[in-house]
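Note sheet for the following structure.
So this is what it looks like as structure tokens:
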């Protein structure tokens with residue numbers, strides 16, 4: 024019987040691989056935090072990012088005035104009532120800064136999410152299927168990469184019009200080639216590993 028053989032697979036505890044993976048993930052997370060604490064610039068960036076995100080989320084409660092309300096006090100200097108002063112229309116700059124951060128964060132997250140999603144899909148298809156499809160997709164990526172990021176974004180906005188969705192689309196188009204290249208390279212590297220070739224030799228299909 025297999026269960027009576029010392030050191031056999033049947034005698035091995037079943038939960039060890041999962042526990043080992045969880046332990047490795049925990050150690051990786053702690054190592055990442057240690058690196059952040061050691062690097063003062065990374066820690067400063069984390070703190071500033073948290074402050075900006077907190078200010079954007081709490082803008083309706085933190086803003087001292089309506090960001091769209093105009094007043095006769097134009098270009099006023101910072102004071103107890105207007106901490107950052109006012110603009111040329113008399114609008115409170117601190118309130119506009121807090122509410123403007125919400126739009127900036129929305130655009131950033133939406134553009135990155137779109138770029139990651141589309142770029143990952145393009146990179147996976149190009150790297151896995153290779154052949155003519157790979158050439159077509161990568162040449163399209165090369166065309167996008169030939170334009171400077173700012174110029175490409177301005178061209179998209181000028182063609183489609185100035186709006187929030189078009190701005191998100193313009194930024195996403197500028198960064199899709201970067202994610203596509205990275206994912207394609209990773210897929211090509213993994214695709215030719217020995218364990219993948221061994222699985223194919225044993226009859227594993229594309230779905231696996």
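Residue numbers (my numbering): 24 to 231.
Cβ coordinates follow ideal geometry from the N, Cα and C atoms, glycine included.
Just so we're clear, the structure is a prediction, and the values are computed from it rather than from any experiment.
Query: Helix, strand or coil at residue 172 according to DSSP, with G and I counted as helix; Result: helix
Query: Cα-Cα separation between residue 73 and residue 179, rounded to whole angstroms; Result: 31 Å
Query: Spatially closest choice to residue 98 from 87, 150, 112 and 91, by CA coordinates; Result: 112
Query: 7 Å Cβ cutoff met for residue 121 and residue 85; Result: yes
Query: Distance, residue 216 Cα to residue 210 Cα; Result: 10 Å
Query: As assigned by DSSP and simplified to three states, the class of residue 165; Result: helix
Query: Closest Cα partner of residue 200 within the set 70, 105 and 165; Result: 165
Query: Residue 54 to residue 90 span [Cα, whole Å]; Result: 43 Å
Query: Pair within 7 Å by beta-carbon distance, residue 218 and residue 138; Result: no
Query: Residue 222 to residue 160 span [Cα, whole Å]; Result: 27 Å
Query: Cβ pair count under 8 Å reaching 3, the stretch 128 to 147 against the stretch 104 to 111; Result: no
Query: Three-state secondary structure (DSSP) of residue 44; Result: Annotation note: pLDDT 46 at residue 44 (below 50); position unreliable, coordinate value reported separately. In this structure, residue 44 counts as helix in the three-state DSSP scheme.
Query: Residue 104 - DSSP class collapsed to helix/strand/coil; Result: coil
Query: Per-residue DSSP class, three states only, for residue 217; Result: helix
Query: Contact check, residue 124 vs residue 79, beta carbons under 7 Å; Result: yes
Query: Contact belief for residue 66 with residue 60 at Cβ below 8 Å, rounded distance in angstroms; Result: 6 Å
Query: Reduced DSSP secondary structure (H/G/I, E/B, other) of residue 115; Result: strand
Query: Beta-carbon proximity of residue 191 to residue 126, cut-off 7 Å; Result: no
Query: C-beta atoms of residue 189 and residue 196 nearer than 7 Å; Result: no
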